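Asks: Before anything else, here's the structure in question.
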Amino acid sequence: LIPNYPKILEIGFKGVKKEIEEELSKTDSSNVEKINQLKAMLICCETSKKFAARYSNTAKELVEKEKDEKRKKELLEISKNCLKVPWEPAETFWEALQSLWFTHMLVMADESYPGPGLSFGRIDQYLYPFYKRDLEKGNISKEESKEIIECLWIKCNYAYDYQGRVGNNQGINSGFGQLITLSGMGPNGEDLSNDLTYLMLEVIEDLNMLEPKPNVRLHKNTPDKLLDRVVEMLIQAQGAPFLLNFDEISMKALKFAGLPEEKLWDYAPVGCLENTLQGCDRSGTVDVNLNLSKAIEFVLFNGVDFQAQNQYAPETGDPLGFETWQQFYDAYIKQLTFTIEKIIEIYNLGDEIRATYEPTPYLSVLVDDCAKKGLDITQGGAKYNFITVEGVAFGTAIDSLLAVKKLVYEDKKVTLEEIIEAIKVNYEGKEPLRLLLRNKAPKYGNDDDYADSLAHEVNEYWTHKVFEYKTPTNKQYRAGYLSWNYWIMYGATQTATPDGRKMGTYLSNGVCPSSGCDMSGPTSVIKSVGKIGLDTVPNGGSHTMSFNPMMLRDKADVEKFKALLRTYIDIGGSCLQVNMIDADTLKEAKKHPQDYKNLLVRVTGYNAYFVTVGSLLQDEIISRISHEV
5 LIPNYPKILE IGFKGVKKEI EEELSKTDSS NVEKINQLKA MLICCETSKK
55 FAARYSNTAK ELVEKEKDEK RKKELLEISK NCLKVPWEPA ETFWEALQSL
105 WFTHMLVMAD ESYPGPGLSF GRIDQYLYPF YKRDLEKGNI SKEESKEIIE
155 CLWIKCNYAY DYQGRVGNNQ GINSGFGQLI TLSGMGPNGE DLSNDLTYLM
205 LEVIEDLNML EPKPNVRLHK NTPDKLLDRV VEMLIQAQGA PFLLNFDEIS
255 MKALKFAGLP EEKLWDYAPV GCLENTLQGC DRSGTVDVNL NLSKAIEFVL
305 FNGVDFQAQN QYAPETGDPL GFETWQQFYD AYIKQLTFTI EKIIEIYNLG
355 DEIRATYEPT PYLSVLVDDC AKKGLDITQG GAKYNFITVE GVAFGTAIDS
405 LLAVKKLVYE DKKVTLEEII EAIKVNYEGK EPLRLLLRNK APKYGNDDDY
455 ADSLAHEVNE YWTHKVFEYK TPTNKQYRAG YLSWNYWIMY GATQTATPDG
505 RKMGTYLSNG VCPSSGCDMS GPTSVIKSVG KIGLDTVPNG GSHTMSFNPM
555 MLRDKADVEK FKALLRTYID IGGSCLQVNM IDADTLKEAK KHPQDYKNLL
605 VRVTGYNAYF VTVGSLLQDE IISRISHEV
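The numbering of the sequence shown is our numbering, which starts it at 5 and goes up by one.
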């Protein structure tokens, strides 16, 4: 979710409080629930004032102890700013940044992760008027502005000091999902890059920190100046800092979700890469995760979970009795439908519990229509309400279906019984069969219409299917391909799959091809991604690609890479994450982590310090990059 930060900068919590009081005065006395909700929101408005006052007082106390005159002056300004914002409207650039940080801090305290994700939105757009005005008046210099922005960046990383030291096997440092969005198009398709856009890119380059995660929106009218700068930074900084979002397909997908066309241009990604409107849209990301390959296991074992050995899913018939590919595929669709309905049924229980027992009145203050409806955001108070079903293991599912379709039913090189028996023993003693499935079946990600048409068909079915459901609080289900870290978790315990993948091996990530299966180069990969049909995927399709920076030292090669990014716009991709690093560097970092503490890699919608992720994930990243570069 992206709170309505611009509103706080414009009218302050004082102005928001006045609006809520007006709504309260119009509310019928019999509507006790709405009255209580509005009163809770009023308390939260006052909280912001009291909270900031503590910082103001602390800064005053520090002034008395400070001997350096320059620092004294800074502390006095800090004290004055904290006494004013976020209660009052911001007037200066420094006040705007201070107001933004206080407001954001309290959101993090009120809405703990995992929640909707907490992002800043189009920060270079709503802060630019303050920056431009102060520069023109001579109130602040570019370097002073840059220093204050850098302070905000550092604040965003406090939570990760502890996480990085503790560590975990999956390297989940995505934390609060503090994503910022730079550039992008305006209402008429014009590019909205400005001087603050480029200044923030300087900050990102200089600090190279984990958060806030930067997203740059690209589109057909993106100027070469911006694209040149982004590519330059990708090459110099391993690619890790950036998520690149592509406006045309992202906006089409948001329109598919039912959002008003006149507002689509002002979207921004939240959390990792999930597209949403700003200040009015509860996007509900990473809440429901659909393993698209699990339904294949249910087909092969007639509804039985092979590891648990229980009849979890419905019976779709003995698979050995399926005489045609269509019979097998129909069984897959039936099992996939069951899986969708089951995870939605489970999430709906949680939705009711959150709505009843976990209100977030402060966050509700910052989201349009919560006061008007008298509902907390957990109760469906936002103007637009969504829950995203994230498709996991897309490539694994498609490749598995392709292996069955081509090798079993069309070429008859192997029987379904042989595949099932091999899966039961995790391909132990069945290596020739595993290699046949791995190397001779068509694979998604190679610009092969035979493979990609099946990918499109599966995508069309499940993304439309989830849109048929709503939660008890009237939140609309919609589709995405984030995968987050579930492709790791699920792969660790999921039965082997017909694509030749063994149990314990990771599933595919986002809309990426299965690791090692894209054999025709990066252009073919992005063409396959474009053929999926991401205009039915409002939450975006996570796609990570890796390039060797040594291959982009020549100007002609850099121009080719820029052309590749512009092609991504044309073919219908929604977002791209780039790792610009070689495998040898990663291997050295694994051996000598103390020498590579700041080495960032892009995992799946989020950045992570390579040395903080677990050994298994390090090996997967090295393997993927070794293949792709």
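Heads up, the beta-carbon is just placed ideally off N, CA and C, and yes, glycines get one too.
Note that the structure is a prediction, hence the values are computed from the model and not measured.
1) Using the Cα positions of C145 and M45, report the straight-line distance between them to the nearest angstrom.
2) Can you tell which of G576, F565, S518 and G577 has its C-alpha closest to the C-alpha of L231?
3) Of all the alpha helix (DSSP H) runs that stay within the bounds of the segment 129-159, which reach a length of 4 or more residues?
4) Going by the beta-carbon positions, is the gap between S487 and N450 smaller than 8 Å?
5) When the Cα atoms are used, what is the spatial distance from E422 to C374?
6) Quick check on P318: buried or exposed, where buried means 16 or more other Cβ atoms within 10 Å of its Cβ?
7) According to the neighbour-count rule (16 or more other Cβ atoms, all chains shown, within 10 Å of its Cβ), is S619 buried or exposed?
8) Ignoring anything shorter than 4 residues or poking outside the segment 468-508, list the alpha helix (DSSP H) runs there in chain order.
9) Residues in its own chain within less than 7 Å of W157 by CB, not counting five upstream and five downstream?
10) Quick one: residues in its chain with C-beta nearer than 6 Å to the C-beta of T540, no 5 flanking neighbours on either side, listed in chain order?
11) To the nearest whole angstrom, what separates the beta carbons of I24 and Q282, a pair I think is in contact under 8 Å?
12) So, under 8 Å CB-CB, P502 and S404 are touching, yes? Tell me the CB distance rounded to an integer number of Å.
13) Where does G520 land, buried or exposed, given buried means 16+ other C-beta within 10 angstroms?
14) Extract the residue ranges of the beta strand (DSSP E) inside the segment 215-254, only unbroken runs of 3 or more that lie entirely within it.
15) For E464, count neighbouring C-beta atoms within 10 Å of its own C-beta (all shown protein chains included) and say buried if the count is 16 or more, exposed if not.
16) Secondary structure at D373, three-state DSSP: helix, strand or coil?
17) Figure out for me which residue from K535, P597 and D380 has the closest Cα to the Cα of K38.
18) Taking 8 Å as the threshold, find out whether the segment 344-352 comes into contact with the segment 469-477 through three or more Cβ pairs.
19) What's the C-alpha gap between F551 and E68?
20) Can you tell me whether E151 is buried or exposed, with buried defined as 16 or more other CB within 10 angstroms of its CB?
21) Is it buried or exposed, Q311, if we count other Cβ atoms within 10 angstroms and call 16 or more buried?
22) With which residues is C579 paired in a DSSP beta bridge?
23) To the nearest whole angstrom, what separates the beta carbons of T185 and R233, a pair I think is in contact under 8 Å?
24) Distance, Cα to Cα, I625 vs L294?
25) Measure the CB-CB distance between A359 and T382 and report whether it falls below 8 Å.
26) Would you tell me roughly how many angstroms separate the C-alpha atoms of N192 and N198, rounded to the nearest one?
27) Please list the terminal residues of the continuous alpha helix (DSSP H) segment that includes M109.
28) Between E592 and the rest of its own chain, which residues show a CB-CB distance below 8 Å, the 5 nearest in sequence each way excluded?
29) Where does H223 land, buried or exposed, given buried means 16+ other C-beta within 10 angstroms?
30) Taking the Cβ atom as the reference point for each residue, do V462 and I402 lie within a distance shorter than 8 Å?
31) Return helix, strand or coil for P264, following the three-state DSSP convention.
32) Taking 8 Å as the threshold (C-beta atoms), are C48 and Y316 in contact?
33) Helix, strand or coil for R557? Go by DSSP, reduced to three states.
34) Sorted by chain position, which residues of the same chain lie with C-beta nearer than 7 Å to E148's C-beta, five sequence neighbours on each side aside?
35) Ignore the nearest five residues each way along the sequence and tell me which others in I82's own chain have a CB closer than 6 Å to its CB.
36) Tell me where the alpha helix (DSSP H) around S83 begins and ends.
Replies: Quick look at the numbers:
1) Taking the first residue of the sequence shown as position 1, residue 145 is located at position 141. Taking the first residue of the sequence shown as position 1, residue 45 is located at position 41. The sequence shown places Ser at residue 145, not Cys. Distance from the CA atom of S145 to the CA atom of M45, rounded to whole angstroms, is 38 Å.
2) If you number the sequence shown from 1, residue 231 lands on position 227. Comparing Cα-Cα distances from L231 to each of G576, F565, S518 and G577, the minimum goes to F565.
3) 132-141 and 146-159
4) Working through the sequence shown from its first residue, we reach residue 487 at position 483. Working through the sequence shown from its first residue, we reach residue 450 at position 446. The answer is no: Cβ separation not under 8 Å.
5) The count along the sequence shown starts at 1 and reaches residue 422 at position 418. The count along the sequence shown starts at 1 and reaches residue 374 at position 370. Taking the straight line from one Cα to the other gives about 57 Å.
6) Locating residue 318 in the sequence shown gives position 314, where the first residue counts as 1. That one is exposed.
7) Mapped onto the sequence shown, residue 619 falls at position 615. With fewer than 16 Cβ atoms within 10 Å of its Cβ, S619 is classed as exposed.
8) 490-497
9) The residue you call residue 157 lines up with position 153 of the sequence shown. The residues are V207, L211, M213 and P216.
10) As a first step, residue 540 must be located in the sequence shown, where it is residue number 536. Hits under 6 Å: F260 and T467.
11) Along the sequence shown, read from residue 1 onward, the residue named residue 24 stands at position 20. Along the sequence shown, read from residue 1 onward, the residue named residue 282 stands at position 278. At roughly 20 Å, the Cβ-Cβ gap does not stay under 8 Å, so I24 and Q282 are not in contact.
12) Residue numbering aside, residue 502 sits at position 498 when the sequence shown is read from its first letter. Residue numbering aside, residue 404 sits at position 400 when the sequence shown is read from its first letter. Right, their Cβ atoms sit about 4 Å apart.
13) Numbered from its first residue, the sequence shown carries residue 520 at position 516. Exposed, because fewer than 16 other Cβ atoms sit within 10 Å of the Cβ of G520.
14) 217-222 and 247-250
15) Here residue 464 is taken as the residue at index 460 of the sequence shown, counted from 1. Exposed, since its Cβ has fewer than 16 Cβ neighbours within 10 Å.
16) Along the sequence shown, read from residue 1 onward, the residue named residue 373 stands at position 369. It is coil, neither helix nor strand.
17) In the sequence shown, the residue the question calls residue 38 occupies position 34. For K38, the nearest C-alpha among the options comes from D380.
18) yes
19) Here residue 551 corresponds to residue number 547 of the sequence shown, with the count starting at 1. Here residue 68 corresponds to residue number 64 of the sequence shown, with the count starting at 1. C-alpha of F551 to C-alpha of E68: approximately 54 Å in a straight line.
20) As a working mapping, residue 151 is identified with position 147 in the sequence shown. E151 is exposed by the Cβ-count criterion.
21) Numbered from its first residue, the sequence shown carries residue 311 at position 307. It is exposed - the Cβ of Q311 has fewer than 16 other Cβ atoms within 10 Å.
22) Numbered from 1 along the sequence shown, position 575 holds the residue referred to as residue 579. The partner list for C579 (beta bridge, DSSP) reads N249.
23) As a position in the sequence shown, residue 185 is number 181, starting the count at 1. As a position in the sequence shown, residue 233 is number 229, starting the count at 1. The pair is not a contact, with the Cβ atoms about 16 Å apart (cut-off 8 Å).
24) Within the sequence shown, residue 625 is the residue found at index 621, counting from 1. Within the sequence shown, residue 294 is the residue found at index 290, counting from 1. So the two alpha carbons sit approximately 23 Å from each other.
25) Within the sequence shown, the letter at position 355 stands for residue 359. Within the sequence shown, the letter at position 378 stands for residue 382. Yes.
26) The residue given as residue 192 occupies position 188 in the sequence shown. The residue given as residue 198 occupies position 194 in the sequence shown. Cα to Cα, the separation comes out at about 16 Å.
27) Reading the sequence shown from its first residue, position 105 is the one you call residue 109. First-last of the alpha helix (DSSP H) with M109: F97 to D114.
28) On the sequence shown, position 588 is the one that residue 592 refers to. Within the same chain, E592 has close Cβ partners D599 and Y600.
29) Residue 223 sits at position 219 when you count from the first residue of the sequence shown. By the 16-neighbour rule on beta-carbons within 10 angstroms, H223 is buried.
30) Residue numbering aside, residue 462 sits at position 458 when the sequence shown is read from its first letter. Residue numbering aside, residue 402 sits at position 398 when the sequence shown is read from its first letter. Yes, Cβ-Cβ distance for V462 and I402 is below 8 Å.
31) Against the sequence shown, residue 264 aligns to sequence position 260. The answer is coil: DSSP assigns P264 none of H, G, I, E or B.
32) Position 312 of the sequence shown, counting from 1, holds the residue named residue 316. Position 44 of the sequence shown, counting from 1, holds the residue named residue 48. The answer is no: Cβ separation not under 8 Å.
33) Taking the sequence shown and counting its residues from 1, one reaches residue 557 at position 553. Under the three-state reduction of DSSP, R557 is assigned to coil, being neither helix nor strand.
34) Here residue 148 corresponds to residue number 144 of the sequence shown, with the count starting at 1. Excluding sequence neighbours, E148 sits near nothing in its chain.
35) For the purposes of this step, residue 82 is taken as the residue at position 78 of the sequence shown. Contacts found: A63.
36) Position 79 of the sequence shown, counted from the first residue, corresponds to residue 83. Counted as a single uninterrupted DSSP element, the alpha helix (DSSP H) harbouring S83 occupies residues E73 to K88.
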